[in-house]
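K.L.:
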Amino acid sequence: MLKLNNVNLYYGVIHALKDISLEVEEGEIVTLIGANGAGKTSILRAISGLNPCRSGEVIFKGKSLNKVPAYKIVSRGISHVLEGRRVFSNLTVFENLQLGAYIRKDKAGIKKDYETIFEVFPILKERKEQPAGTLSGGEQQMLAIARALMVKPQLLLMDEPSMGLAPIIVQQIFNIIKEINEKGTTILLVEQNANMALSIASKAYVLETGRIVLKGSAGELLVNESVKSAYLG
């Protein structure tokens, strides 16, 4: 479904991604793990067009995304849940969801998807008329994920969904990620909580200073001694 071939990305003179090649198959949860600054977020931003790569190629469903502007990549079937939630705090929960569906014209389908979203995230139904800025951190994260799902993405990019959340909420968020995947959405997940990420992923890539240094099935990496000592505590 998704391939990165020798992708290089720069921020000014800083070489953030160095010949990154990876693959995400349809139906998978693939996770990227590594320390802060390793390049995990940059990979997601290269895919969604927020920071286009300088060289190499991003291919989605057999077509290059290199020259596609970010706002058009959404309509190709890729949705990006940014780090830090980034909800529209002055708008209501429901208005945030409406903005998630802005590229869609199928009114009946949109209405049905609101109902599905409220089944997966019942707290959002209770809060749907509240300003998003009044929600707790966990509720805002759920709203950010729900808004991204309103696009009906085939591939969902998720950047640090557990950041700053209490452990009980982290477990809830990861249960939701698994449920989304089981309903048919492919997921590329960036996550500091390597234990949790590897527990739900099918495969993983380990990054250090802009390079992939290790890849394999999530099960293999969970028992890999270097991964355990560096990331699993």
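Residue numbers (the UniProt record's numbering): 1 to 233.
Ideal Cβ placement from N, Cα and C applies to all residues, glycine included.
Computed from a predicted structure; not experimentally measured.
Is Asp113 helix, strand or coil by DSSP?
P.N.:
Correct three-state label for Asp113: helix.
K.L.:
Under DSSP, the alpha helix (DSSP H) around Met1 begins and ends at which residues?
P.N.:
No alpha helix (DSSP H) contains Met1, which DSSP labels as neither H nor E.
K.L.:
Out of Ala16, Gln98 and Gln171, which one is the CA nearest neighbour of Asp113?
P.N.:
Ranking the options by Cα distance to Asp113, first place goes to Gln98.
K.L.:
What are the start and end residues of the alpha helix (DSSP H) that includes Met158?
P.N.:
Counting along the chain, Met158 falls outside any alpha helix (DSSP H), though it belongs to the beta strand (DSSP E) covering Leu155 to Asp159.
K.L.:
Excluding five sequence neighbours on each side, which residues of the same chain lie with their C-beta closer than 8 Å to the C-beta of Thr92?
P.N.:
If we look at Thr92 and ignore the five residues flanking it on each side, its Cβ neighbours are Lys128, Glu129, Gln130, Pro131 and Ala132.
K.L.:
What does the Cβ neighbour count give for Ala108, buried or exposed, with the cut at 16 atoms within 10 Å?
P.N.:
Flag for Ala108 reads exposed.
K.L.:
With C-beta atoms as the reference, is Leu189 less than 8 Å away from Met158?
P.N.:
Contact flag set, yes.
K.L.:
Using the Cβ count rule (16 or more neighbours within 10 Å means buried), how would you classify Tyr11?
P.N.:
By the 10 Å Cβ count, Tyr11 comes out exposed.
K.L.:
Write down every uninterrupted run of the beta strand (DSSP E) in the stretch 73-97 whose length is 3 residues or greater and which is fully enclosed by it, in chain order.
P.N.:
Counting only runs of 3 or more, we get 78-81.
K.L.:
Rounding to the nearest angstrom, what Cα-Cα distance links Val223 and Gly27 in this structure?
P.N.:
Between Val223 and Gly27, the C-alpha separation is close to 24 Å.
K.L.:
Any idea what DSSP makes of Tyr102, helix, strand or coil?
P.N.:
Coil.
K.L.:
So, under 8 Å CB-CB, Ala148 and Ile33 are touching, yes? Tell me the CB distance rounded to an integer number of Å.
P.N.:
The pair is not a contact, with the Cβ atoms about 21 Å apart (cut-off 8 Å).
K.L.:
Taking the straight line between their C-alpha atoms, what separation do you get for Phe121 and Tyr71?
P.N.:
Between Phe121 and Tyr71, the C-alpha separation is close to 26 Å.
K.L.:
Taking the alpha-carbon of Gly56 as reference, which of Phe88, Gly62 and Ala46 has the nearest alpha-carbon?
P.N.:
The candidate whose alpha carbon is nearest that of Gly56 is Ala46.
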